[in-house]
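A.B. asks: Provided herewith is a single structure, encoded as structure tokens, for subsequent inquiry.
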Amino acid sequence: AKLSKSELLTKLRREANQYQEKIAKERHHLAECEEELNRQCVLLETYMAHRPKSNFRDERAYERSDSNTRILQNRLAKCTTRLNEANEHNRILRNRIDHFRHEKESYDTRH
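Once you know that position 61 of the sequence shown is 61 in our numbering, the rest is easy, because the numbers rise by one and skip nothing.
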């Protein structure tokens, strides 16, 4: 079924709002990831500052914390990517909405 321009505009606005909510959630999740990464970095820096110079167990602990840091950095990168994708999709929807608004305005002025 073909939608009228006003129905399509309403549908696109609804989609834009849904994507705005998703973007807000992703931003919140990204902020949480950044906070966790910062906490882990502080812990790692504290550990490195106070650790004995060389001990096999300490080296393994350092490797684990380094691994955790990489995991958190990867999560942060994924969150950032998803946020950028959502922002791009939202930009496209907003452009479509603007286009339909202009079409509706020109249609309304002619009729």
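For glycine and all other residues, C-beta sits at the position ideal for the given N, C-alpha and C.
1) In terms of residue numbering, what span does the alpha helix (DSSP H) encompassing Arg14 cover?
2) Figure out for me which residue from Arg91, Leu83, Glu26 and Glu32 has the closest Cα to the Cα of Glu15.
3) For His89, which residues from the same chain have a beta carbon less than 7 Å from its beta carbon, with the 5 sequence-adjacent residues on both sides left out?
4) In angstroms with no decimal places, state the Cα-to-Cα distance between Asn17 and Arg39.
5) Have a look at Glu85 and Leu76 and give me their C-alpha separation to the nearest angstrom.
C.D. replies: By the coordinates alone:
1) Annotation for Arg14: the continuous alpha helix (DSSP H) segment containing it runs Lys5 to His50.
2) Closest by alpha carbon: Arg91.
3) The residues are Tyr19.
4) C-alpha separation (whole angstroms): 33 Å.
5) When rounded, the separation of the alpha-carbon atoms in Glu85 and Leu76 is 14 Å.
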